[in-house]
Amino acid sequence: MSRERRASVAGGGPWTSASGAAVVGCCMLACGVWWALAVAASAQIRLHLPERAREDFEQGNSGWRFTDAAAWRLEKAGGSTVLHQFQRSRYKPPHRSPYNIALWKSHDVTDFVLTARVRSTTRDYPHRDVCLFFGYQDPAHFYYVHFGKRADDHANQIFIVNGKARTKISEKSTKGTPWNDDWHTVRVVRRVGDGTIEVYFDDMNHPVMVAHDQTFDHGLVGIGSFDDTAQWDDIVLQAAGASPAKSGRRRLPNIVYIMADDLGYAELGCYGQQKINTPNIDRLAAQGMRFTQHYTSAPVCAPARCSLMTGRHGGHAMVRDNFEVRPSVFGDAFGGQYPLPDDAVTIAELLKVRGYATGAFGKWGLGGVGTTGDPLKQGFDRFFGFNCQRHAHNLYPRYLVDNDRQRPLPGNTRGITGDTYGPQAIADEMLKFIRRHKDEPFFVYYPSVLPHLALQAPQDEVAQYEGQWPETPYKGRSYLPNPTPRATYAAMISFLDKQVGRLTALLNELGLADDTVIFFTSDNGTTMLKGQVDYEFFQSVGPLRGLKGSVYEGGIRIPLIVRWPGKIRPGSQTDLISAHYDAMATLCEIAGIPVPQETDGISYLPTLLGQDGRQRKHEFLFWDFAGYGGQLAVRMGRWKGVRRNLKRDADAPLELYDLESDISEQHNVVDEHPEIAEKIRRIMVQERVPPAEKRFRFGEYR
Ligand SMILES: [Ca+2]
Ligand SMILES: [Ca+2]
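Be aware that the sequence shown starts at 42, since it is given in my numbering, and climbs by one per residue.
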């Protein structure tokens, strides 16, 4: 049975309106009429069961760390809470001791009352105090209220700090009020209407402190401390969501990001494919927008996935080539790939913080089970599929990874055929996840393993193509032998297309089609193994030069289709020059999340919405790929610069192509445009930061 790491407790537990009202009824005096409103609205709020993961938190220049002890304490206190995952700072924590923090994640919390009994058992302020947190992950809208003993005059100090400026916006000393070692009840009341933040202490019925900020209108609340000498208990959150009537805000759109594996630019009907049937994907394009100049960030699986998930181009990426690790925690050879480090900030983490249920289904490739790169540690509530890319080289595997466990597939022997087609099981789980989370915003990342080799497809899928074309059986062992490579390859793409059809049918059935943005793309161009995939026969990359593994257009230019009914004009098309590493900025903008500064991407949401005048454009796109000899590329307007074989020759020459007149990159015009060439050469150094992993290094860095 699958383990859902995150379970809604709406309608039960101490956090829902009925019991919550009883526990914090004491604040009615202070809160008056508003409180009644909050109770009425609070049923909208969903809170979540604890996650046991050790999580980190970043805010501005601080680094704050969860500890398991803190998690346990909250859990034991009866709290239905999620240990909230924020970005961990790249900076060193300013405090020697860890900072225990837990945040509730709820959807668009606006007005709230947070009460807790707290105490600090040390007198060593400022590093020993209790904080209540509230705000949003945007540092400008994040506050914490400190309660602590001041070392100089032993006054109890309370202050509200603006997280970004790290300045106190309100401060109060409460001399004479006992603090240390004693339990105190603290209550923070937040009203969006007049921008008020009030802090109450013990049973005072007037606030000890009031601050104002009208710009903070929704987000998260939580509690924490600088170290584990602070304790808390009886934590109750009573919160109001942003009601449509009040704010005009509607449900956050669901996001489904589908990524094929090794699907070339011209292997879909809507991108000119003549032989392979892809009616469902073509329909997405007819109902949405088709990009003609969209690029992956790298021409093979792992680095493409890394840049997609973290919003950075190859020159800033943590993963710059495939890099296998073995063994796995299960004792076999499928240990996954070079793991994303803990402090990588992923799209999933950002969306999760925003309140999305997050699931990944398919090929992960960014770190084995239990490593820092495990999808469950990188923002996903749920994972099902092939964690390890090598494991995905057979589509009838003995097992698939179900969160952090093996799910056996009886009847499969990792042979040429078997009882359960892996991609079928993966699609089934993906659809189940959507059904299960239909009432909350969800982010589904569906990096399908199709049509990556080996050539394997269910027989009834192959049947539609059998006999249509002359075949040369593939008898080699590079992957698996196959008697009808052309029919099987076409069947694999059509099988993926069918899953897209099942997905759109389910969204229709659930009434979610209009609330869901669907992306469809590929991770890199068609494979170069011609005996298995006849890319010439299928014209897999059209007129483009190069295939998988190459930074020529055929390796990196890939389809992108986006459908969002009512928002994106049906049948539209754009030639916006854009890349996978723009996905983070785009998804953040769709979800109303501030775009992280670290990203190299630009949101293409304006283009999707037909607001071309608002669309910011890249001065250039950049590729830094350590595989296949070491390659660099720049796309700058009409120009494309390429350097290859840099591992062998650090001075490998720059090639320059004019894609407007030479889309097939046949005529090197580097000598005719020395100033363009020079600019591209400079970009190829400026944009490169040395990677932590030595095996990803080649050529010259900034
Ligand atoms: Ca791939
Ligand atoms: Ca992370």
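The beta carbon of each residue, even a glycine, is placed where N, CA and C say it ideally should be.
Name the one or two DSSP bridge partners that ALA674 has.
Along the sequence shown, read from residue 1 onward, the residue named residue 674 stands at position 633. Paired residues: TRP664 and VAL683.
Within the structure, which residues are defined as neighbours of ligand 1 by a Cβ-heavy atom distance below 5 Å, reported in chain order?
With the criterion CB distance below 5 Å from any heavy atom of ligand 1, the matching residues run ASP302, ASP303, CYS342, ASP564 and ASN565 along the chain.
Hey, quick one: how far does the beta strand (DSSP E) through GLU365 stretch, first residue to last?
Position 324 of the sequence shown, counted from the start, is the residue given in the question as residue 365. It is not in any beta strand (DSSP E) - GLU365 carries neither H nor E in the DSSP assignment.
Taking 6 Å as the limit between beta carbons, can you name the residues of its chain near GLY542, skipping five residues before and five after?
Taking the sequence shown and counting its residues from 1, the one referred to as residue 542 is at position 501. Result list for GLY542: ASN321, in chain order.
Who are the Cβ neighbours of ASN686 in its own chain at under 6 Å, not counting the five residues just before and after it?
Counting from one through the sequence shown, the residue named residue 686 turns up at place 645. Taken in chain order, the residues that qualify are GLY670 and ALA693.
Report the three-state DSSP secondary structure of ALA733 (helix, strand or coil).
On the sequence shown, residue 733 is found 692 positions in, with the first residue counted as 1. Coil.
Just grab the DSSP bridge partners of ILE559 for me.
Position 518 of the sequence shown, counting from 1, holds the residue named residue 559. ILE559 is bridged to VAL297 and ARG604.
Given this structure, state the Cα-to-Cα distance separating GLU308 from THR567, to the nearest angstrom.
Numbered from 1 along the sequence shown, position 267 holds the residue referred to as residue 308. Numbered from 1 along the sequence shown, position 526 holds the residue referred to as residue 567. In a straight line, the C-alpha of GLU308 is about 9 Å away from that of THR567.
Roughly how many angstroms lie between the CA atoms of PRO344 and GLY356, to the nearest whole one?
For this step, residue 344 is matched to residue 303 along the sequence shown. For this step, residue 356 is matched to residue 315 along the sequence shown. Distance between the alpha carbons of PRO344 and GLY356: 11 Å.
Rounded to whole angstroms, what is the Cα-Cα separation between ILE599 and LEU650?
Counted from its first residue, the sequence shown places residue 599 at position 558. Counted from its first residue, the sequence shown places residue 650 at position 609. Rounded to whole angstroms, ILE599 to LEU650 spans 21 Å at the Cα level.
What are the boundary residues of the alpha helix (DSSP H) that includes TYR576?
For the purposes of this step, residue 576 is taken as residue 535 along the sequence shown, with counting starting at 1. Looking at the DSSP string, the run of the alpha helix (DSSP H) that includes TYR576 is 576-579.
Does DSSP classify GLN334 as helix, strand or coil?
Taking the sequence shown and counting its residues from 1, one reaches residue 334 at position 293. Three-state result, GLN334: strand.
Can you tell me the Cβ-Cβ gap for ALA531 and TYR506, rounded? I've got them flagged as a contact below 8 Å.
Start at 1 with the first residue of the sequence shown, and residue 531 comes out as number 490. Start at 1 with the first residue of the sequence shown, and residue 506 comes out as number 465. Indeed they touch by this definition, with Cβ atoms about 5 Å apart.
Looking only at its chain, what residues have a beta carbon closer than 8 Å to the beta carbon of PRO522, apart from the 5 residues adjacent to it on each side?
As a working note, residue 522 is residue 481 in the sequence shown. ILE457, PRO514, TYR515 and LYS516, listed in sequence order.
For ALA504, count neighbouring C-beta atoms within 10 Å of its own C-beta (all shown protein chains included) and say buried if the count is 16 or more, exposed if not.
The residue given as residue 504 occupies position 463 in the sequence shown. So ALA504 counts as exposed.
Would VAL370 and GLY411 qualify as a contact pair, given that the criterion is a beta-carbon distance under 8 Å?
By 1-based counting over the sequence shown, the position of residue 370 is 329. By 1-based counting over the sequence shown, the position of residue 411 is 370. Yes; because the gap between Cβ atoms is below 8 Å, this pair is in contact.
Return the chain-ordered list of same chain residues with a C-beta closer than 6 Å to the C-beta of GLN334, the five sequence neighbours on each side being excluded.
In the sequence shown, counting from the first residue as 1, residue 334 sits at position 293. Answer for GLN334: ASP616 and ILE618, listed in chain order.
Give a yes or no on whether the C-beta atoms belonging to GLY583 and TYR336 are separated by under 8 Å.
Counted from its first residue, the sequence shown places residue 583 at position 542. Counted from its first residue, the sequence shown places residue 336 at position 295. Contact flag unset, no.
Whose C-beta lies closer than 8 Å to the C-beta of SER613 among residues of the same chain, with five residues either side of it excluded?
In the sequence shown, counting from the first residue as 1, residue 613 sits at position 572. Counting only Cβ-Cβ distances below 8 Å, and skipping sequence neighbours, we find GLY329, MET330, ARG331 and GLY651.
What does DSSP give as the partner residues of ASN523 in its beta bridges?
Position 482 of the sequence shown, counted from the start, is the residue given in the question as residue 523. Its beta-bridge partners are TYR515.
For the alpha helix (DSSP H) that THR627 lies in, which residues bound it at each end?
The sequence position of residue 627 within the sequence shown is 586, counting from 1. First-last of the alpha helix (DSSP H) with THR627: 624-632.
Exposed or buried, which one is CYS68 when buried takes at least 16 other CB atoms within 10 Å?
In the sequence shown, counting from the first residue as 1, residue 68 sits at position 27. In this predicted model, CYS68 has a pLDDT of only 27, less than 50, meaning its place in the structure is not dependable; the value taken from the coordinates is given anyway. With 16 or more other Cβ atoms within 10 Å, it is buried.
Could you give the residue range of the alpha helix (DSSP H) that holds GLY744?
The chain is shown from 42 up to 743; residue 744 falls before or after that span and cannot be answered.
Checking the sheet assignment: what are the DSSP bridge partners for ALA398?
Taking the first residue of the sequence shown as 1, we reach residue 398 at position 357. DSSP, once it has assigned bridges, lists PHE483 as partnering ALA398.
Would you give the residue range spanned by the beta strand (DSSP E) that THR615 belongs to?
Numbered from its first residue, the sequence shown carries residue 615 at position 574. 613-615 is the extent of the beta strand (DSSP E) around THR615.
Give a yes or no on whether the C-beta atoms belonging to LEU325 and ILE467 are separated by under 8 Å.
Position 284 of the sequence shown, counted from the first residue, corresponds to residue 325. Position 426 of the sequence shown, counted from the first residue, corresponds to residue 467. Contact: no.
State the Cα-Cα distance for the pair GLN727 and PHE661, rounded to the nearest angstrom.
Walking along the sequence shown from the start, residue 727 turns up at place 686. Walking along the sequence shown from the start, residue 661 turns up at place 620. Using only the alpha carbons, I get a separation of about 12 Å.
With a threshold of 7 Å, establish whether the CB of VAL386 neighbours any heavy atom of ligand 2.
As a working mapping, residue 386 is identified with position 345 in the sequence shown. Flag set: Cβ of VAL386 near ligand 2.
Who does GLN447 pair with in a DSSP beta bridge?
For this step, residue 447 is matched to residue 406 along the sequence shown. Note: GLN447 sits in a beta bridge opposite VAL442.
Grouping DSSP H, G and I as helix and E and B as strand, with all else coil, what is ARG743?
Here residue 743 is taken as the residue at index 702 of the sequence shown, counted from 1. The answer is coil: DSSP assigns ARG743 none of H, G, I, E or B.
Looking at PRO372: is its Cβ nearer than 8 Å to the Cβ of ASN428?
As a first step, residue 372 must be located in the sequence shown, where it is residue number 331. As a first step, residue 428 must be located in the sequence shown, where it is residue number 387. Note on identity: in this sequence residue 372 is Gly, with Pro being the wrong assignment. The answer is no: Cβ separation not under 8 Å.
Between the C-alpha atoms of ARG723 and ASN453, what's the straight-line distance to the nearest angstrom?
Indexing the sequence shown from 1 puts residue 723 at position 682. Indexing the sequence shown from 1 puts residue 453 at position 412. Distance between the alpha carbons of ARG723 and ASN453 is about 52 Å.
Could you tell me the alpha carbon to alpha carbon distance between PRO635 and CYS629, rounded to whole angstroms?
Your numbering for residue 635 matches position 594 in the sequence shown. Your numbering for residue 629 matches position 588 in the sequence shown. If you take the alpha carbons of PRO635 and CYS629, they lie about 6 Å apart.
Closer than 8 Å by C-beta to SER519: which residues in its own chain qualify, once you throw out the five before and the five after it? Chain order, please.
One-based indexing of the sequence shown puts residue 519 at position 478. LEU494, LEU570, GLY572 and GLN573, listed in sequence order.
Nearer than 7 Å: is that true of the beta carbon of GLN419 relative to any heavy atom of ligand 2?
Stepping through the sequence shown from its first residue, residue 419 is reached at position 378. Distances from the CB of GLN419 to the heavy atoms of ligand 2 include at least one below 7 Å.
Based on Cα-Cα distance, which residue from ALA398, SER705, ASP564 and ILE643 lies nearest to LEU304?
Here residue 304 refers to the residue found at position 263 of the sequence shown. Nearest option by C-alpha distance: ASP564.
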